[in-house]
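Under the numbering used here, residues 53 to 336 are what the sequence shown spells out, in order. Where is the CB? At the ideal position from N, CA and C, for every residue including glycine. As the structure is a computational prediction, the values presented were derived from the model and not from experiment. Take a look at the structure below.
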Amino acid sequence: MVSPHAGILQALLAPADSVEEYYHSLFQVALEAGLRDPALLLGLLWHAPRGDALQRPDRWEWLVDLISTGLQEPPESPSSDTAPQPFAPLGEQVVIPRYRYEAMLLQLRQLAARAAELEQQLADWTHDFLSDSIPPVEKAPPGLEESSSHPLGLLPDWTDLERQVSELVDSFLPDAVIPEDQQEAFLGNLAALQEGSLGELGQVLKKQAQRTQQEDELEVAIQECLEENPDLAADERKIEMMRYCLKNYVNFHPDLMSLPLKERVAEACRMAREFLGESGKTGT
53 MVSPHAGILQ ALLAPADSVE EYYHSLFQVA LEAGLRDPAL LLGLLWHAPR
103 GDALQRPDRW EWLVDLISTG LQEPPESPSS DTAPQPFAPL GEQVVIPRYR
153 YEAMLLQLRQ LAARAAELEQ QLADWTHDFL SDSIPPVEKA PPGLEESSSH
203 PLGLLPDWTD LERQVSELVD SFLPDAVIPE DQQEAFLGNL AALQEGSLGE
253 LGQVLKKQAQ RTQQEDELEV AIQECLEENP DLAADERKIE MMRYCLKNYV
303 NFHPDLMSLP LKERVAEACR MAREFLGESG KTGT
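Dropping the structure here:
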């Protein structure tokens, strides 16, 4: 539709002193060429190669105002008795400006970032707790069993996260008018976006819970090994060497990595003794 109008093509590529002047000039040329469809004009300006709309989502409303104001003047037709209705074809189509969609996605990402912060807090708490004392497996800290099904009772309230996402979506759709024939698809997309974000948070928290359980089992195995080898337990240097051997050698050695956890810890104790030049044997 645009290609037959050489003037429009020239205006698209013509330089201007400012971006606003570029849009005004292109809009006037399009009007002179007979283009008065608001949707077509908006698409032409939005994708103009010398414009900045694609880098500035807030430019959308500025372009809408430009077109709406420009179309207030009646077309050059003596038979036109009624003023045109700017954006009548767009009234039921422009539901939410693009920049508001991007802002909503940004806040959803912030919720995911909050989940990551909770994950880090959980890891830090676990590390501090296990550094102070490692309780026996059969004894859990008082009250944790009643407070949560999670071993450490620190998972965030899932209902609270659902409420935050729901409020976020509602806050960005206060005055949206969705055409009846588009409601099902539009609301379906929002539901999928909400469900996907919550599902991603759930996967993060589930992985953290599994990782915490593995860390608990490892610390219990190390504690049992140290109880069987009191000479190692009495020397922090030996304990550090044993942990280093387990983490950086035993867990990666093809012949050792498949052994049960207790045997891998015992092998790490043996290696720590050898590296430190001792001849003692790991207890069994």
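Can you have a look at G103 and say buried or exposed, based on whether 16 or more other CB atoms are within 10 angstroms of its CB?
buried
Count the other C-beta atoms from every protein chain shown that fall within 10 angstroms of the C-beta of E292, then say buried if there are 16 or more, exposed otherwise.
exposed
Under 8 Å by Cβ, that's how I've got L313 and E269 pegged, so tell me the actual separation to the nearest angstrom.
6 Å
With a Cβ-Cβ cutoff of 8 Å, do I60 and A85 count as a contact?
yes
DSSP three-state call for H179: helix, strand or coil?
helix
Going by C-alpha distance, which of H179, D283, Q265 is nearest R322?
D283
I need the DSSP call for P67, collapsed to helix, strand or coil.
coil
What are the boundary residues of the alpha helix (DSSP H) that V116 is part of?
111-122
In three-state terms, what does DSSP make of P282?
helix
Beta-carbon proximity of F79 to L118, cut-off 8 Å:
yes
How would you call P90, buried or exposed, if buried means at least 16 neighbouring beta carbons within 10 angstroms?
buried
With DSSP run on the structure shown, which of helix, strand or coil describes F304?
coil
Taking just the CA atoms, how far does D110 sit from M156?
14 Å
Rounded to a whole number of angstroms, what is the C-alpha to C-alpha distance between G95 and T121?
16 Å
If we ignore side chains and look at the alpha-carbon of each, how far apart do L64 and Y74 end up?
8 Å
Use the C-beta contact count for M294: other C-beta atoms within 10 angstroms, 16 or more gives buried, fewer gives exposed.
buried
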